[in-house]
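Undergrad:
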Amino acid sequence: MRKMSGCYVSLSRRTMEFIIAKHNDYVRYNNQDIDYDTIKKLNNMLNKQKKTAHTFYEYPDMLLECYKGNEKTYISIYIKEGYLFKGYFLKAFTERMEDKKTKCYKLDNATIKILEEIKVKYDVK
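Its first residue numbered 3, the sequence shown is counted upward by one per residue in our numbering.
1. Mapping DSSP to helix, strand and coil, what is Thr113?
2. Could you check where the beta strand (DSSP E) with Tyr38 kicks off and where it finishes?
3. If you follow the alpha helix (DSSP H) that Glu97 is part of, which residue opens it and which one closes it?
4. According to DSSP, is Val29 part of a helix, a strand, or is it coil?
5. So what does DSSP say about Glu118, is it helix, strand or coil?
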């Protein structure tokens, strides 16, 4: 903090919200751990996406489980529609029933391509 003309101004940098937390113990898809390099690449892409609101009518194409200690969070990914919802998909369904739009992220084509690669690589056969 620095005092400037009678008021205090914070000089700290603005912190960026990471969709997939940087310090998770691990991230899983289809009960398989996703490797660190893939998550790092995906996280860099996801943090460039634009926030929006959308109404979801379908189940997500992918559901990522993020673990930090005993805490587990979900990321619902709708590849076909091009959206990512930070949370469990039932919350999005509940908001739809209440005639609300769900806050989410609109995915660009490059990010969708990475997500499709993850889906193919970690799909259970």
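Even glycine gets a Cβ: it sits at the ideal position worked out from N, Cα and C.
TA: Per the coordinate set shown:
1. helix
2. It is not in any beta strand (DSSP E) - Tyr38 instead sits in the alpha helix (DSSP H) that spans 38-48.
3. 91-99
4. strand
5. helix
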